[in-house]
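For the sequence shown, this note's numbering gives the first residue as 324, with consecutive numbering after it. Every residue gets a Cβ at the ideal spot worked out from N, C-alpha and C, and that includes glycine. These numbers come from a predicted model, not from an experiment.
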Amino acid sequence: MMTNRIPDGWFDLVSALRAALDRDFPGVSVAELSADRGWLHVRVDHGSLDPADQLCLNRRIQGFVTASLSTCMCCGSGSGRDRGDARRVTCDECENEKEACDA
Ligand SMILES: [Zn+2]
324 MMTNRIPDGW FDLVSALRAA LDRDFPGVSV AELSADRGWL HVRVDHGSLD PADQLCLNRR
384 IQGFVTASLS TCMCCGSGSG RDRGDARRVT CDECENEKEA CDA
């Protein structure tokens with residue numbers, strides 16, 4: 324599996340995603356996980372899922388992707404927001420202490 328660096332603040336989000344997939348879609352493997360576009364990018368191998376289950380899987384993943392848009396890449400708080408061209412999501416607190424965070 325290819326994994327680009329996932330920001331520390333997204334660790335819990337990614338863990339929850341993996342746990343949800345393991346539990347509800349055991350036949351599915353994650354082919355790619357990355358954060359390089361400023362949101363969580365997930366690509367999976369659908370395996371032998373039928374179309375209805377694929378739809379369900381995609382919706383489930385989309386929920387995590389949506390959550391990533393407001394999850395601080397630095398501390399994991401849910402009050403993050405996108406910082407324009409920088410392709411990162413941080414909360415105001417972390418944004419004001421930039422040195423402490425390398426997200
Ligand atoms: Zn933060």
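Express the C-alpha separation of residue j and residue i in angstroms, rounding to a whole number.
i    : j    : result
R328 : A358 : 7 Å
E416 : T389 : 21 Å
F334 : C379 : 23 Å
W382 : C414 : Before going further, note that residue 382 is Arg rather than Trp in the sequence given. Their Cα atoms are separated by approximately 26 Å.
R366 : R406 : 24 Å
G403 : R411 : 9 Å
Q377 : H369 : 7 Å
R341 : A375 : 20 Å
S371 : A354 : 15 Å
R346 : L336 : 15 Å
N419 : D331 : 17 Å
C398 : S352 : 27 Å
A343 : D408 : 31 Å
G350 : S400 : 31 Å
R360 : F387 : 15 Å
S338 : L392 : 16 Å
R395 : Q385 : A small fix is needed here, since residue 395 is Cys in this sequence, not Arg. Rounded to the nearest angstrom, the two C-alpha atoms are 18 Å apart.
W362 : D373 : 27 Å
L356 : F348 : 17 Å
In this structure, how does DSSP classify residue i when only helix, strand and coil are distinguished?
i    : result
T303 : The chain is shown from 324 up to 426; residue 303 falls before or after that span and cannot be answered.
V351 : coil
Could you give the uninterrupted runs of the beta strand (DSSP E) lying entirely in the region 356–408, keeping only those of 3 residues or more?
364–368
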